[in-house]
Amino acid sequence: MRPSYRKMALVGVGLAAAALAASASVVAGGAARLPAAFRGLASASLATDKRHPDAAPPEGYAENLPKFASMLDVLLAWNPDDPAEPAGGSKFDTLEVIDWATEGAMERATELRNLEIPFKIKNMPELDEVAKKWADDDYVIEGMSSRKSYTINTAHNGHFMFYQSNAMAKELKKSLRPANGYSSSKQASNAFKPRGYTFDHPPPVPLPMSFAKFWEESAALEEANKAKPPNEDAESRHLYLSTGDSWEGAGDTMISRDINLFEKDAPTRDLFIPEPTDVRGQHCRFGMRGVVAEQHWDGHRNFIYMLRGMKRYVINPPAACTAMDMMHSGPSRRHAGIDFSDPEAISDPETAAQLDKAQAVETVLRAGEILYMPSFWLHYIVSMGRSIQCNTRSGVGHMYGEDAAGINKCEVGRSPPPATPEELATAAAKVEAKINDFRLPQA
């Protein structure tokens, strides 16, 4: 069972040595938060001039928001470690879906994007054609094999916590360097490699591998995992590839060759690239069933397009971040410090009460569909099968009121007020009623 991501086990070292060792190696390191004494300052905020905590949202914002549920209710209804869609689908999928074949679709999508509200698009011929091509394994292998090798991430279970070891090393170098200093972040990182420590939940390990080998090995692993009881499936080895390419057709893989939504003469360009001078490239993620991308926010406007398979997205407005124990510094900053699939973690009285107050919505993104994720909206992603999902980010959106205030608090690690006795009792009753169904079946 995975504990909270903040917990770490230290073996035979002091806190200072352990903190430095966290940046030493993704094999020995871990996705937990540093001890309080060694947390550095949060990284510089993105476009703080676009945050308006003392201003009301623009006209039309509240009226167009999806119907929210409690984050606790969403989680208890469907354990994130279970990639199978519940019978009848999710009852919390209330995002607006725009049919691209209908009149006014572009105008409505632009309106919701400008309001910074998540929504979906379906029936876009350009994406449907790509999804049809990418359903063919041979086509995918050939289309991605122009590069001899990729960095494949492997984890001892399905959870792939973001881990930026270089950022950790730089942060620690400033506060824990010896009198004569370290000459580089790499030297600071290597200094404590042999000291011997472990995290309870180590981060993914990078492996060089050809795309063909990755695609074939991940398929074999997926079939083997499916044959196991659900709790063992979730705790088995998983592989995951995240890679980027040009967004203007000049790249060397099928990503830039096949996806033409962003070409200068494409009618969709203005929708997907609202700020052409601030584009974060095109990134694609190739994952097997059960891969989980832990809850986080991104600072830029984000259009996500599903090109094979399905993924579950649990989405929260920015104000909800205060309930999620967000890590505001260290190698996994911007990510939640709670393992939402762990029955013990969400059964904690204070955690459950905070999650019960947090707003949430979820959706299943299917091949050919697009999801708009506004700046700083939190999202938690589960691959429901063999999948390919791409995205592009452009510009930073505005935030107002409690959403802007919430992100400002989370970036510096401020906790929400403690839950009241009534809130604790309400959440405890929900957990008691649902927790047995939440636990994954065992052999």
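The end of the sequence shown is residue 443 by the UniProt record's numbering, with every number in the run present.
Think of the CB as a built atom: it goes at the ideal place given N, C-alpha and C, for glycine as much as any other residue.
Being a predicted model, the structure only gives us computed values, none of them experimental.
Query raised in the report: In this structure, what does DSSP give as the bridge partners for residue 51?
Result: 399
Query raised in the report: Which residue spans inside the region 224-290 form an unbroken beta strand (DSSP E) run of at least 3?
Result: 238-245 and 279-287
Requested in this report: Closer than 8 Å by C-beta to residue 386: which residues in its own chain qualify, once you throw out the five before and the five after it? Chain order, please.
Outcome: 218, 219, 222, 287, 288, 289, 308 and 309
Report task. Determine the direct distance from the alpha carbon of residue 341 to that of residue 97, and round the result to whole angstroms. Result -> 28 Å
Query raised in the report: What are the start and end residues of the alpha helix (DSSP H) that includes residue 96?
Result: No alpha helix (DSSP H) contains residue 96, which DSSP labels as neither H nor E.
Query raised in the report: Quick one: what's got a C-beta closer than 6 Å to residue 236's C-beta in the same chain, skipping five residues either side?
Result: 225
**Report entry** One or two residues paired with residue 362 in a DSSP bridge
**Finding:** 314
Report task. Please name the residue, chosen from 292, 261 and 110, that lies closest to residue 128 on a Cα-to-Cα basis. Result -> 261
Query raised in the report: To the nearest angstrom, how far is it from the Cα of residue 61 to the Cα of residue 117?
Result: 8 Å
Query raised in the report: Around the Cβ of residue 412, are there at least 16 other Cβ atoms within 10 angstroms (buried) or fewer (exposed)?
Result: exposed
**Report entry** CB of residue 230 within 8 Å of CB of residue 82, strictly
**Finding:** yes
Query - Whole-Å CB distance - residue 324 paired with residue 295, under 8 Å assumed - result: 6 Å
Report task. Please state if the CB of residue 121 and the CB of residue 369 are separated by a distance shorter than 8 Å. Result -> yes
Requested in this report: Starting from residue 157, trace the beta strand (DSSP E) both ways and give me its first and last residue.
Outcome: Note, residue 157: premise wrong, no beta strand (DSSP E); not H, not E.
**Report entry** Beta-carbon proximity of residue 319 to residue 406, cut-off 8 Å
**Finding:** yes
Report task. Look at the alpha carbon of residue 465 and the alpha carbon of residue 211, and state the distance between them as a whole number of angstroms. Result -> Nothing can be reported for residue 465, as the shown portion of the chain is limited to 1 through 443.
Query raised in the report: Which of helix, strand or coil does DSSP assign to residue 357?
Result: helix
Query raised in the report: Which residues share a DSSP beta bridge with residue 389?
Result: 285 and 306
Report task. Could you check the C-alpha separation between residue 267 and residue 428 for me, to the nearest Å? Result -> 51 Å
Query raised in the report: DSSP beta-bridge partners for residue 122?
Result: 99
**Report entry** Beta-carbon proximity of residue 150 to residue 75, cut-off 8 Å
**Finding:** no
Query - Given residue 397 as reference, the closest of 209, 321, 69 and 377 once Cα atoms are compared - result: 377
Report task. Would you mind reading off the limits of the beta strand (DSSP E) that contains residue 117? Result -> Unbroken run through residue 117: none, as it is neither H nor E.
Requested in this report: Using DSSP bridges, identify the partner residues of residue 208.
Outcome: 151
Requested in this report: Can you give me the Cβ contacts of residue 408 inside the same chain, cut-off strictly under 7 Å, excluding the 5 residues immediately before and after it?
Outcome: 51 and 53
Query - For residue 384, three-class secondary structure by DSSP - result: coil
Query raised in the report: For residue 378, which beta-bridge partners are listed by DSSP?
Result: 316
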